[in-house]
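Going by full-length UniProt numbering, 200 is the number at position 200 of the sequence shown; the sequence numbering is gapless.
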Amino acid sequence: MGHVQIVEFAKLIIHRQALLPQAGPRLSVTVLLMKLPDYIDTVTSSFSDSLSSSSSIDDSAPRVNFFHLPPTDPTPEWSTMTRGYFTHNLVKSQKSNVADFLRQRMPNIAGLVVDMLCTSIIDVAEEFSLPSYVFFTSPASFLGCMLHCQTLQDEENQDVPELKNSASELSIPCFAKPVPPKVLPLVLVDKQVWHQRFLHHARAYRKAKGIIVNTFIELESHSLNSFLKESAYGVRGVPPVYPVGPILNHGSSIQKRSSEVLNWLDDQPACSVVFLCFGSQGSLREDQVHELARGLELSKTRFLWSLRRQSPDDKPASFPSEYVSHREVLPDGFLDRTAGIGKVVGWVPQLDVLSHPAVGGFVSHCGWNSVLESLWCGVPIATWPLHAEQQTNAFQLVRDLGLAVEITLCYYERGEDVTMVTAGEIERGIREVMDGGSEVRKRVKEMKEKSRMAVMEGGSSYVSLERVIQYMASNAPSK
């Protein structure tokens, strides 16, 4: 279980090596898939099943293949774990199966590319003396944040979760401006999550031969340049970092239910619709849904809202699901009052929506893939982070880069620090993100062009990917 972008990266390796002169032995890629337990009903499960049903993803990339690892027997405790702990345990349970896969195919393996949350597999690569590379689907700023915190923990004997109690803003090498402690992600300041999971991930990144990041230098120049500064991240330094993004899932929507939504957008004026979507793992409490609905009404803005049901408390690892009817969660009369200007839907193909000329703003959880998609399409974001590293993503976009407007930088759905974003804050953020003449919109339009230039021939990410491929091929066994 990893991030879907790794499939797109696999295809890129094959396509691009074919264009390189003297690129060494021809590479092929096998993507290892892990089966989710039946009690997690998710789009991701059906997607991985569809991949494994064919030997390659398409005729244009015949050297990309898929292998479903044997399922492991989950313990009873797995069903009550949060999604992060479930993933952590699922990956660890597959180490022996990955070792068996490698053993049967040696010496024809050139290396392993592991998802940023699958770092226990790096231990398996070391058993076979194989180079490993981390595929990092969060921004370079979060990579730097993790490595900085690991340096504080291991070299300076600071307990990282205590940073949340700092009386002053924090100086972190990967951010241009001081960071308020309140925006540090829970994965860093929750003692259990940090010590049991993310500290181990950060240590493992140091063992990789390279870290491949879904970003581009024009977007994250400060963060990426910080990795080049001697001792900025401790005495061990940082492996080579390769920015190869933006890698997006063009034309590969997991589900195809977009025609009704796109037809509705066709009837709206250009740049008139604000799109609200909180990602495949994002959802809101019912009281917060009501407040968001009030804010939308106050803004009097055309809207498309992807609204999904929270996972049940007794199945915290499961993903958000669809409502039978949105009327069961929305305020009485909301759908009738907004019928002329708004549409509430379930899952939608996000990139298709952001690409539509009617969409002029995006209320987003600030997951990194969503950020890259919004910049690719030139649609400014109003920030509403929920999980993982999304708080620091929002901080970076608003304060460091000036590429987003703020609804909130720190929002918590559960636990001790439950917050409520008010209708007034929502109204203000929507009006601001939809301002057609704002400086944020101008900068986003400029970054749209830079994101596309980065992946064109001769662009920064194009060249960086060439270096990755050449290094991988240099380790490939000769035939």
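Just so it is clear, CB atoms sit at the ideal spot from N, CA and C, and this is done for glycine as well.
- V455 is positioned such that its CB atom lies no closer than 8 Å to that of E432.
- For the set R294, P243, S280 and P349, the Cα lying nearest the Cα of P331 is the one of R294.
- The alpha helix (DSSP H) runs of length 4 or more contained entirely in the segment 388-420 are, from start to end of the chain, 390-395.
- Every unbroken stretch of the alpha helix (DSSP H) spanning 4 or more residues and falling wholly within the segment 108-191 is given here in chain order: 121-127, 140-155 and 186-189.
- The alpha carbon of V440 has as its nearest neighbour, out of I381, N157, M420 and V344, the alpha carbon of I381.
- Inter-residue distance for G144 and H387 is about 18 Å (C-alpha atoms, whole angstroms).
- Spatial neighbours of R428 in its own chain (CB-CB distance under 6 Å, excluding positions within 5 residues in sequence) are not present.
- Within the model, the alpha-carbon separation for V179 versus S171 is close to 6 Å.
- By DSSP's assignment, L32 forms a beta bridge with F67.
- Around the beta carbon of R103, fewer than 16 other beta carbons sit within 10 angstroms, so the residue counts as exposed.
- The C-beta separation of L307 from V344 comes to about 5 Å, placing the pair in contact by the 8 Å criterion.
- Taking C-beta atoms under 8 Å as the contact rule, P385 and H365 qualify, at a distance of about 6 Å.
- Around the beta carbon of A270, a 10 Å sphere encloses fewer than 16 other beta carbons of the protein chains shown; the residue is thus reported as exposed.
- Under DSSP, K343 shares a beta bridge with L304.
- In this structure, DSSP gives V238 a state outside helix and strand, which the three-state scheme calls coil.
- If the five residues before and after M472 are omitted, its C-beta is found closer than 7 Å to the C-beta atoms of L27, A110 and G111, all from its own chain and listed in chain order.
- Across the structure, A125 and H88 are spaced so that their CA atoms are roughly 18 Å apart.
- As the crow flies, the alpha-carbon of I430 is around 11 Å from that of E297.
- Apart from sequence neighbours up to five positions away, the residues of its chain that approach M453 with a beta-carbon distance below 6 Å are G459, ordered along the chain.
- It is roughly 18 Å from the alpha-carbon of C174 to the alpha-carbon of G367.
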